[in-house]
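Peer 1: Residue numbers (my numbering): 3 to 654. Every residue gets a Cβ at the ideal spot worked out from N, C-alpha and C, and that includes glycine.
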Amino acid sequence: MENATHIFRPIKVGALTAKNRIEAAPVSVSDLTREGYLTDAHAALYGMKAKGGAGIVTIGEGYVSRSTGRAHALVIPLYDEFVLPGLIQTTDAIKAHGAIASAELLHCGVRSHPQFCQDGRVYGPSEGMNVYGARIIEMDEDMISQTVESYGDSAEMAQLGGADMVMIHGGHGWLLSNFLSPIHNQRTDRFGGSIENRARISLMVVENIRKKCGPKFPIEFRMSGSEFIEGGFTLEDTVEFARLLDGKVDIIHVSATSFHDPDAGLRMFPGVFLPHGCNVFLAEAIKKAVKTPVATVGGINSAEDIEDILATGKADIVALGRALSADPFLPEKIRSGNPQGIRPCIRCNNCISSIFVPYIKYATRVNRCTVNPDFGRELDQLYRRDPLEPEKVMIIGGGPGGMQAAITAADRGHDVLLFEKTDALGGELRYATAPDFKADLKKFTQYLIQTVQNSTVKVVFNTDVTVDLVKQINPGMLIIAVGAKPITPRIPGIDNQKVLMAGEMARHRPAVGQTVVIVGGGLAGCEEGLHLARQGKDVTVLEMKDRLAMEGTYLYWRALMVELEKEKRLKTVTHTICREINDEGVVVETVDGNKTEFKADTIIIAAGFEARTELVDSLRECDCKYTVIGDCVKPATVLESVHGGHFAALNI
Ligand SMILES: Cc1cc2nc3c(=O)[nH]c(=O)nc-3n(C[C@H](O)[C@H](O)[C@H](O)COP(=O)(O)O)c2cc1C
């Protein structure tokens with residue numbers, strides 16, 4: 003990018019200077035050791051963000067208290083000296099690339115889980131019941147002082163562990179924001195009531211860290227610019243709060259919402275239904291009220307947006323979470339004039355969704371990124387060596403899996419031939435990206451296509467590959483990525499002229515009537531329904547199971563449900579089997595055996611996909627080393643296809 007002048011302007015952070023205005027936001031990992039210690043893998047992960055060019059790299063979720071304030075099992079215990087070896091390795095890895103290493107300090111307050119707190123108790127500003135059914139015990143002055151000390155002690159531990167700076171987490175519904183929130187704080191003493199009183203504990207924490215870590219040790223304060231909950235604190239409150247922090251901390255970092263909102267995740271990790279940078283206005287308002295540098299965060303993932311936010315003075319620093327998981331080299335690619343080479347985050351929330359799923363019992367997990375198969379595997383990446391002898395690699399299928407396989411194989415020096423039976427790359431993603439809420443996925447598809455085009459991969463279009471062709475080419479490795487085909491259910495009347503298949507709909511966008519019935523409420527059916535309802539059609543989505551769009555990640559699913567509920571023209575009916583299609587519409591049977599009719603001008607069949615197993619089986623006769631990936635193994639997510647392609651190519 004030619005005009006990234008604001009991004010690369012250094013900024014003073016207390017006594018330090020960040021080399022640019024991009025901060026790696028805290029993105030915690032869930033594969034710590036059982037004690038919560040960081041390992042070489044985490045040093046590699048955080049180090050990669052620094053190598054990729056971020057000016058500040060924040061290590062997420064360092065906990066300040068052994069006995070209380072923990073929301074789940076696997077957190078970094080900044081109260082335990084045995085945290086130091088892993089922490090030192092990690093901060094070293096960050097600093098090795100000239101970035102500022104920062105550690106986050108956290109106490110979960112009323113959202114702590116008694117099961118993970120040593121004393122089994124949950125503390126907060128005022129009495130109440132918490133989300134896990136535990137009694138919230140009002141903190142007395144002694145408890146408040148102890149907690150304040152524990153922040154200072156943990157900051158000291160972080161400093162000892164090589165952190166150049168700390169981030170106090172004062173947002174998202176954790177302890178310090180509980181004190182700020184009228185919902186959680188009904189105290190009448192010096193910690194409740196006025197904003198000065200509600201802010202008091204935060205200021206005491208800042209002061210305690212200054213006392214223990216010295217005046218030159220930079221402190222960043224993360225807050226939510228608004229709780230976005232009825233009765234919660236608002237932007238007006240946080241502007242006042244920021245004025246109280248002004249000059250006492252070195253960065254005021256403005257995120258949004260609180261975990262106490264059941265749909266908090268939708269704005270805290272903004273998904274595809276919100277505009278990029280949807281929380282910037284909060285930082286902008288706060289910046290107008292203070293002199294301290296202000297950071298913004300939330301759904302920002304392009305060079306243009308980052309530069310624009312900084313150039314227009316809406317914030318002084320842009321923090322990126324998921325965008326750096328998708329591509330840690332985002333800053334470096336902007337700096338070196340290659341922003342089009344950035345692998346874009348598609349905001350699918352695969353990386354964070356599992357913590358929200360109410361029916362997942364265990365906290366231990368590994369975060370994965372749809373578009374970056376190497377996220378969380380940075381250590382492997384560091385030790386990876388290119389093969390000594392390049393192979394001739396033949397790939398069949400130009401969808402996301404085939405393209406990723408081609409990119410990775412070519413990148414490793416192999417001689418790659420990619421065969422696509424149509425005249426363009428992209429596979430089903432080419433068509434599945436028409437609705438505006440698919441713009442991020444569309445951008446990723448473009449990224450894959452361009453990366454193939456800019457590589458050494460030779461693409462052969464309009465070719466149906468046969469066993470004879472494979473034998474003729476005689477590859478060292480054949481990667482079969484021929485995708486899936488739509489399922490046509492055996493419903494009487496399915497060949498009625500009112501019927502369209504979802505794939506056909508996505509490909510050609512034929513005209514549809516005013517009243518549309520969609521048979522199949524999986525992701526494709528719901529997304530098409532939403533798209534058509536937004537265009538003014540009256541839509542009914544029929545689903546056999548009890549839940550819609552079950553294939554989506556939890557946060558995407560939840561956001562999609564919220565959008566569907568908003569559409570007055572859209573109706574969803576679950577537990578319903580389509581029994582017949584006729585000139586009037588669709589006849590369905592409900593679980594209790596009743597039959598009902600839904601009139602329709604157009605009927606769209608979105609009954610899912612099945613692997614092209616016959617084609618795959620015929621190719622198995624090729625007499626060469628082969629592997630099968632993505633949708634042609636079984637209907638796959640974009641993540642499964644992309645990762646399948648990447649690892650198939652790494653295994654050559
Ligand atoms: C996988 C994941 C883990 C996160 N862990 C933390 C954390 O430990 N502490 C924290 O304050 N925020 C955490 N966040 C929130 C991010 O710092 C950031 O505020 C949020 O993802 C929105 O920014 P983005 O749109 O750039 O990702 C996490 C986000 C993700 C996706």
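How long is the line joining the alpha carbons of V462 and T447, rounded to whole angstroms?
Peer 2: Here residue 462 refers to the residue found at position 460 of the sequence shown. Here residue 447 refers to the residue found at position 445 of the sequence shown. Their backbone Cα atoms lie some 18 angstroms apart in a straight line.
Peer 1: On a CA-only basis, which of Q499, A508, T410 and L443 is nearest P488? Give me that one, please.
Peer 2: Stepping through the sequence shown from its first residue, residue 488 is reached at position 486. Among Q499, A508, T410 and L443, the Cα nearest to that of P488 is on A508.
Peer 1: According to DSSP, is Y556 helix, strand or coil?
Peer 2: Taking the first residue of the sequence shown as 1, we reach residue 556 at position 554. Y556 falls in the helix class under three-state DSSP.
Peer 1: When the Cβ atoms of the region 468-480 are set against those of the region 533-548, are three or more pairs found closer than 8 angstroms?
Peer 2: No, the region 468-480 does not touch the region 533-548.
Peer 1: In angstroms, rounded to a whole number, what distance separates the CA positions of E628 and R622?
Peer 2: Position 626 of the sequence shown, counted from the first residue, corresponds to residue 628. Position 620 of the sequence shown, counted from the first residue, corresponds to residue 622. According to the sequence provided, residue 628 is Tyr. The question's Glu does not apply to it. Straight-line Cα distance between these residues: approximately 8 angstroms.
Peer 1: Measuring alpha carbon to alpha carbon, tell me which of A436, A411, R337 and D425 ends up nearest L480.
Peer 2: Walking along the sequence shown from the start, residue 480 turns up at place 478. The candidate whose alpha carbon is nearest that of L480 is A411.
Peer 1: Buried or exposed for Y385, please, with buried defined as at least 16 other CB atoms from any protein chain shown within 10 angstroms of its CB.
Peer 2: As a position in the sequence shown, residue 385 is number 383, starting the count at 1. Exposed, because fewer than 16 other Cβ atoms sit within 10 Å of the Cβ of Y385.
Peer 1: Determine the DSSP secondary structure at K487, reduced to helix, strand or coil.
Peer 2: Reading the sequence shown from its first residue, position 485 is the one you call residue 487. K487: strand per DSSP, three-state reduction.
Peer 1: Using C-beta distances below 6 angstroms, list every residue in its chain close to F331, excluding the 5 sequence neighbours before and after it, in chain order.
Peer 2: One-based indexing of the sequence shown puts residue 331 at position 329. Excluding positions up to five away in sequence, the list reads G54.
Peer 1: Check for me: the alpha helix (DSSP H) holding F649 runs from which residue to which?
Peer 2: Your numbering for residue 649 matches position 647 in the sequence shown. Looking at the DSSP string, the run of the alpha helix (DSSP H) that includes F649 is V640 to L652.
Peer 1: Should I185 be listed as close to ligand 1, given that the test is whether its C-beta is under 8 angstroms from any heavy atom?
Peer 2: Counting from one through the sequence shown, the residue named residue 185 turns up at place 183. No - ligand 1 has no heavy atom lying nearer than 8 angstroms to the Cβ of I185.
Peer 1: What I want to know is whether the C-beta of P272 ends up closer than 8 angstroms to one or more non-hydrogen atoms of ligand 1.
Peer 2: Along the sequence shown, read from residue 1 onward, the residue named residue 272 stands at position 270. Indeed, a heavy atom of ligand 1 lies less than 8 angstroms from the Cβ.
Peer 1: How about E106 and G64: do their beta carbons lie closer than 9 angstroms?
Peer 2: As a working note, residue 106 is residue 104 in the sequence shown. As a working note, residue 64 is residue 62 in the sequence shown. Contact: yes.
Peer 1: Report, in whole angstroms, the separation of the C-beta atoms of E658 and A56, which I expect to be a contact under 8 angstroms.
Peer 2: Past the boundaries of the shown model lies residue 658; the chain is included only from 3 to 654, so the question cannot be answered.
Peer 1: Quick check: what's the CA-CA separation for I78 versus R113?
Peer 2: Locating residue 78 in the sequence shown gives position 76, counting from the first residue. Locating residue 113 in the sequence shown gives position 111, counting from the first residue. Taking the straight line from one Cα to the other gives about 17 angstroms.
Peer 1: Please go through the same chain and pick out, in chain order, the residues whose beta-carbon is closer than 6 angstroms to the beta-carbon of T578, but skip the five residues on each side of it.
Peer 2: Your numbering for residue 578 matches position 576 in the sequence shown. Here the set comprises L544, V590 and T592.
Peer 1: Determine the contact status of I336 and L502, defining contact as a CB-CB distance below 9 angstroms.
Peer 2: By one-based count along the sequence shown, residue 336 stands at place 334. By one-based count along the sequence shown, residue 502 stands at place 500. No, they are not a contact pair.
Peer 1: Tell me the start and end of each unbroken beta strand (DSSP E) in the region 575-629 that is at least 3 residues and wholly inside, in chain order.
Peer 2: Taking only runs of at least 3 residues, the beta strand (DSSP E) segments lying wholly in the region 575-629 are 578-583, 587-592, 597-601, 604-607 and 611-613.
Peer 1: Comparing alpha-carbon positions, which option in A486, F649 and Q188 lies nearest F611?
Peer 2: Position 609 of the sequence shown, counting from 1, holds the residue named residue 611. That would be A486, whose Cα lies nearest to the Cα of F611.
Peer 1: State the CB to CB distance for the pair L1 and I451, rounded to an integer number of angstroms; the pair is presumed to be in contact (CB under 8 angstroms).
Peer 2: Look at the range of the chain in this structure, 3 to 654, and you will see that residue 1 is not part of it.
Peer 1: Relative to the alpha-carbon of M145, which residue among G71, S196 and L89 has its alpha-carbon at the smallest distance?
Peer 2: Counting from one through the sequence shown, the residue named residue 145 turns up at place 143. Answer by Cα proximity: G71.
Peer 1: State the start and end residues of the unbroken alpha helix (DSSP H) segment that holds M145.
Peer 2: As a first step, residue 145 is located in the sequence shown; it is residue number 143 there, counting from the start. Start and end: E143 to L162.
Peer 1: Hey, is G587's beta-carbon within less than 9 angstroms of any beta-carbon in chain C?
Peer 2: No chain C appears in this structure, which consists of one protein chain only.
Peer 1: Between P346 and K440, how many whole angstroms is the CB-CB distance? I'm expecting something under 8 angstroms.
Peer 2: Here the question's residue 346 lines up with position 344 in the sequence shown. Here the question's residue 440 lines up with position 438 in the sequence shown. Their Cβ separation, rounded to whole angstroms, is 13 angstroms, which puts P346 and K440 out of contact at 8 angstroms.
Peer 1: May I ask which residues mark the beginning and end of the alpha helix (DSSP H) holding F118?
Peer 2: Position 116 of the sequence shown, counted from the start, is the residue given in the question as residue 118. Premise fails: F118 is in no alpha helix (DSSP H) and is neither H nor E.
Peer 1: Throw me the rounded Cβ distance for the F235 and S228 pair, which I believe falls under 8 angstroms.
Peer 2: In the sequence shown, counting from the first residue as 1, residue 235 sits at position 233. In the sequence shown, counting from the first residue as 1, residue 228 sits at position 226. Going by Cβ atoms, the distance from F235 to S228 rounds to 7 angstroms, so yes, they are a contact pair.
Peer 1: Grouping DSSP H, G and I as helix and E and B as strand, with all else coil, what is I357?
Peer 2: One-based indexing of the sequence shown puts residue 357 at position 355. I357: helix per DSSP, three-state reduction.
Peer 1: Give the single residue among D155, H174, K21 and C634 whose Cα lies nearest to the Cα of R68.
Peer 2: On the sequence shown, residue 68 is found 66 positions in, with the first residue counted as 1. Comparing Cα positions, the closest option is D155.
Peer 1: If you measure from the CB of N303, is any heavy atom of ligand 1 nearer than 8 angstroms?
Peer 2: Here residue 303 refers to the residue found at position 301 of the sequence shown. N303 Cβ: within cutoff of ligand 1.
Peer 1: Strictly by DSSP, which residues pair up with F223?
Peer 2: For this step, residue 223 is matched to residue 221 along the sequence shown. According to DSSP, which records beta bridges pairwise, F223 is partnered with I170 and I254.
Peer 1: Out of curiosity, what's the CA-to-CA distance linking P494 and Q474?
Peer 2: Translated into positions along the sequence shown, residue 494 becomes position 492. Translated into positions along the sequence shown, residue 474 becomes position 472. Cα-Cα distance, rounded: 45 angstroms.
Peer 1: Residues in its own chain within less than 7 angstroms of T453 by CB, not counting five upstream and five downstream?
Peer 2: Within the sequence shown, the letter at position 451 stands for residue 453. Result list for T453: I409, in chain order.
Peer 1: Looking at ligand 2, does it come within less than 8 angstroms of I9, judged from the CB to the closest heavy atom?
Peer 2: Inclusion of ligand 2 in the displayed structure is not the case, the ligand content consisting of ligand 1 alone.
Peer 1: Are there any heavy atoms of ligand 1 lying less than 8 angstroms away from the beta-carbon of S257, as far as the coordinates show?
Peer 2: On the sequence shown, residue 257 is found 255 positions in, with the first residue counted as 1. At least one heavy atom of ligand 1 is nearer than 8 angstroms to the Cβ of S257, so yes.
Peer 1: In terms of alpha-carbon separation, which member of H648, E567 and I496 lies closest to V588?
Peer 2: Looking up residue 588 in the sequence shown gives position 586. Considering only alpha carbons, the answer is I496.
Peer 1: Measuring CB to CB, does I520 end up less than 9 angstroms from V618?
Peer 2: Numbered from its first residue, the sequence shown carries residue 520 at position 518. Numbered from its first residue, the sequence shown carries residue 618 at position 616. Result no, Cβ atoms of I520 and V618 do not sit closer than 9 angstroms.
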